[in-house]
Amino acid sequence: MPMRLLAIDTSAAHCSAALLVDGALTQRLAPASRRHGELILGMMDELLGAAGLHAADLDAFAFAHGPGSFTGLRIAAAVVQGAALAAEKPVVGVSTLAALAQGCHRAGGASRVLCALDARMGEVYAGAYAVDAPDGLARALSPDRVCAPSAVVAPGPGPWAAAGSGWAVYADALRAACGCEPVSLEPERPCEAQDVAILAAAAFAAGDILDPADAVPVYLRDRVTSTG
């Protein structure tokens, strides 16, 4: 279905925005260094300007709703709420872990991905995803959750790829818990807005949309920590 959608991610150390117009994607991605709020608005304006579009021309906005940095998730939610309210457009929220798995598939063809982000406090944000034909979209095999690395399991046979900052901190514990050796390991791979956009477009087509006022972060953990 032809559509125009602007997606953003400010969930971790990188900041990105992507514009999907009738199947064509353009993206801006940069290290943020706690400048997410400053950078993301400029990226959004730049993408729209280059495409000759205004916010009112879009069908929807999308954002990585979490898990991730508490501050980063609040920034994304606030930016998307404001933009969508002003343009009178709906919002689509996408799991950060789902977008991470989608990126592994896009870049390397991974069909099974164990995602783990460092949640501090000796825990990870974890999710297991499959990316299968015919649509090539990441689907959760188990709910995203926050837990100890020792509690992460691989829900079914692999081969499994692995991605996310949790693998940089807890690789040995995660390997032992999952009972497998990942065929690829990408602890530095960021969530990217282009992958948020692909998943959001499918959700939009299925009617899975939010009123801007309901576009809120999904923290998975109630306690605010020093993750940002």
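Residue 100 in numbering that gives the first Met the number 0 sits at position 101 of the sequence shown, and the numbers go up by one each step. Just so it is clear, CB atoms sit at the ideal spot from N, CA and C, and this is done for glycine as well. Owing to the predicted nature of the structure, the values given are computational and were not obtained by experimental measurement.
Measuring straight from C-alpha to C-alpha, what distance separates G227 and G48?
Here the question's residue 227 lines up with position 228 in the sequence shown. Here the question's residue 48 lines up with position 49 in the sequence shown. For G227, the predicted model reports a pLDDT of 49, less than 50, meaning its position is unreliable and no value from the coordinates is stated.
Endpoints, the beta strand (DSSP E) within which V78 is located:
Within the sequence shown, residue 78 is the residue found at index 79, counting from 1. Taken as a continuous stretch (DSSP letters only), V78 belongs to no beta strand (DSSP E), being part of the alpha helix (DSSP H) at 69-86.
With a threshold of 16 other CB atoms inside 10 Å of the CB of R34, please say whether the residue is buried or exposed.
Here residue 34 refers to the residue found at position 35 when the sequence shown is read from its first residue. Answer is exposed; the Cβ neighbour count stays below 16.
Rounded C-alpha distance that separates P154 from M43:
Indexing the sequence shown from 1 puts residue 154 at position 155. Indexing the sequence shown from 1 puts residue 43 at position 44. When rounded, the distance between both Cα atoms is 37 Å.
V93 and A16 - do their beta-carbons sit closer together than 9 Å?
For the purposes of this step, residue 16 is taken as the residue at position 17 of the sequence shown. For the purposes of this step, residue 93 is taken as the residue at position 94 of the sequence shown. No, they are not a contact pair.
Local conformation of Y169 per DSSP, three classes
As a first step, residue 169 is located in the sequence shown; it is residue number 170 there, counting from the start. Of the three classes helix, strand and coil, the one that applies to Y169 here is helix, per DSSP.
Could you tell me the alpha carbon to alpha carbon distance between F62 and S183, rounded to whole angstroms?
Mapped onto the sequence shown, residue 62 falls at position 63. Mapped onto the sequence shown, residue 183 falls at position 184. Straight-line Cα distance between these residues: approximately 27 Å.
Neighbour-count burial assignment, H64, 16 or more Cβ in a 10 Å radius
Position 65 of the sequence shown holds residue 64. In the assembly as shown, H64 is a buried residue. Its beta-carbon has 16 or more other beta-carbons within 10 Å.
What does the alpha-carbon distance come out to for the pair V223 and Y124?
Your numbering for residue 223 matches position 224 in the sequence shown. Your numbering for residue 124 matches position 125 in the sequence shown. Unreliable placement is indicated for V223, whose pLDDT of 47 sits below 50; the coordinate value is still reported in the next sentence. Their Cα atoms are separated by approximately 14 Å.
Assuming E191 and G102 form a contact by the criterion Cβ under 8 Å, report the distance between their Cβ atoms to the nearest whole angstrom.
One-based indexing of the sequence shown puts residue 191 at position 192. One-based indexing of the sequence shown puts residue 102 at position 103. Yes, they are in contact, since the Cβ atoms of E191 and G102 sit about 5 Å apart, within 8 Å.
Using the three-state DSSP reduction, which class does G48 fall into: helix, strand or coil?
Locating residue 48 in the sequence shown gives position 49, where the first residue counts as 1. For G48, the three-state secondary structure derived from DSSP is helix.
Buried or exposed for D213, going by 16 or more other Cβ atoms inside 10 Å?
The residue you call residue 213 lines up with position 214 of the sequence shown. Classification of D213: exposed, given that the 10 Å Cβ count is below 16.
Check C179 in the structure and name its three-state DSSP category.
Position 180 of the sequence shown, counting from 1, holds the residue named residue 179. Coil.
Which stretch, first to last residue, makes up the alpha helix (DSSP H) that contains C103?
In the sequence shown, residue 103 corresponds to position 104, counting from 1. Where C103 is concerned, the enclosing alpha helix (DSSP H) stretches over 95-107.
Please state the DSSP three-state secondary structure of E185.
Start at 1 with the first residue of the sequence shown, and residue 185 comes out as number 186. E185: strand per DSSP, three-state reduction.
Specify the secondary structure class of P30 as computed by DSSP and reduced to three states.
The sequence position of residue 30 within the sequence shown is 31, counting from 1. Three-state DSSP puts P30 in a strand.
Based on DSSP bridge pairs, tell me the residues matched to G135.
Here residue 135 refers to the residue found at position 136 when the sequence shown is read from its first residue. Beta-bridge pairing links G135 to no other residue.
Among A82, A76, E37, T25, the one whose alpha carbon lies nearest that of H53
Start at 1 with the first residue of the sequence shown, and residue 53 comes out as number 54. Nearest to H53 by alpha-carbon distance, out of A82, A76, E37, T25, is A82.
Nearest-angstrom Cα distance between L46 and A176?
Within the sequence shown, residue 46 is the residue found at index 47, counting from 1. Within the sequence shown, residue 176 is the residue found at index 177, counting from 1. Whole-angstrom Cα-Cα distance: 42 Å.
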